[in-house]
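Down below is the structure, laid out as structure tokens.
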Amino acid sequence: MPHYSGPLLTRPVAEALCAARDAGSDEWQGSLTLGFTRDHARLSAQGWEWRGQLHPYPGKLKDRTIYYRDGDDYAPVARFAGSLIKLVPTEWGAPTFEIDGIKMLPTSKESPFEDARRKVALVEPAGKVVLDTCGGLGYFAACCLEAGVARIHSFEKNADVLWLRTLNPWSPDPDADTSAGRLLLAHADVSQAIAQFADASVDAVLHDPPRFGIAGELYSQAFYDQLARVLRRGGRLFHYTGSPNKLTSGRDVPREVEKRLEKAGFKAQLALDGVLAVRR
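Counted the way the working numbering counts, the sequence shown spans residues 392 to 671.
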């Protein structure tokens, strides 16, 4: 799907635009891309102009919502098809996303993009072929491209999440010159697609699955055996687990993951908010 190139508004940005107009200014400076770029817009009574296109002033917008230009109006970057999937602004610029109100990326202490960068650094992607099992908004892939990855195979099962990516300037575009054919993004379930990979065909793996209760198959011994099969000896894997409450869940998911990865043929240890493993 082609990436959206229009403005993205949040309530604070919309209010700042209108305040500048009301103050009699003919120009506004800020970001119309969720902090990805620094922008300026020309203001007039008829609307505001950005990148050569005139846009209407927005009405009152909701908090915790991102809006894009949809025809003559602004619409939330959200879809409902059994679940409500929504792009959500953060104080850091790079957005997170929610499924039925559950935040899918950590944002409390730092930007989700910076969080992804720290995790990607653990697998040292420069010059490597990387498997990105659950692409989400593509922050792992973007950081791999930034680090000089040779090629990254990224999978995303949810079509609505792929739609969010086309509206998020922080999500890498596989067709952009900066990707240079290195990002191969597939709309597919990695638990099935991994069977198509040859033995020892990737150098590193990034595994950021949904919660165990949503996608238990991606925490299974069978899937970890497949990850061990496709990863070359000495290759690194980072598996995000988060830190589920052991008292309420009755489980220690990171330790369970560590043990299953060891059984599959990895040397594993807890790292950051997940498990770092090396193929033996």
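Backbone N, C-alpha and C fix where the C-beta goes; we use that ideal spot for every residue, glycine too.
Since the structure is predicted, the reported quantities are computational estimates derived from the model, not experimental observations.
Same chain only: Cβ atoms within 7 Å of residue i, ignoring 5 sequence neighbours per side
i	result
Asn559	Leu478, Pro486, Leu528
Phe657	Ala619, Leu628, Ala668, Val669, Arg670, Arg671
Phe603	Tyr610, Val644
Gly397	Tyr459, Arg460
Close-in-space but distant-in-sequence residues of the same chain around residue i (CB under 6 Å, 5 per side omitted)
i	result
Ser592	Val621
Gly626	Asp594, Ala595, Arg670
Val468	Ile457, Tyr459, Leu478, Leu558
Gln420	His431
Gly492	none
Pro600	Cys525, Ala606, Leu609
Pro653	Here residue 653 turns out to be Glu, not Pro, going by the sequence shown. Only Ala659 meet the Cβ criterion.
Pro565	Leu574, Leu576
Glu649	Ala659, Val666
Phe588	Val621
Residue from the options whose Cα sits closest to the Cα of residue i
i	options	result
Val520	Arg402, Gly665, Arg623	Arg623
Asp580	Pro563, Leu553, Ser562	Leu553
Asp464	Ile493, Gly438, Leu667	Gly438
Ser611	Phe588, Pro645, Phe427, Gly484	Pro645
Gly484	Gly426, Ser545, Pro398, Ala472	Gly426
Leu555	His598, His446, Pro480, Leu445	Pro480
Pro449	Pro403, Pro503, Ala577, Ala517	Pro403
Glu418	Ala472, Glu440, Leu496, Ser499	Glu440
Ala436	Arg442, Gln444, Cys409	Cys409
Ser545	Lys500, Glu515, Leu597, Ala586	Leu597
Backbone secondary structure at residue i - three-state DSSP
i	result
Lys451	coil
Ala466	strand
Lys500	coil
Leu423	coil
Gly626	strand
Ala662	strand
Phe657	strand
Asp566	coil
Asp506	helix
Glu418	strand
Tyr460	It should be pointed out that residue 460 corresponds to Arg in this sequence rather than to Tyr. Strand, per DSSP.
Extract the residue ranges of the beta strand (DSSP E) inside the region 508 to 562, only unbroken runs of 3 or more that lie entirely within it. 520 to 523, 542 to 547
The region 524 to 541 contacting the region 452 to 460, beta-carbon criterion three pairs below 8 Å: no
Okay, do the region 508 to 515 and the region 414 to 432 touch, 3+ Cβ pairs below 8 Å being the bar? no
Would the region 533 to 553 and the region 568 to 576 be scored as touching if the rule is three or more Cβ pairs under 8 Å? yes
Complete runs of the alpha helix (DSSP H) confined to the region 568 to 601 [at least 4 residues]: 581 to 584
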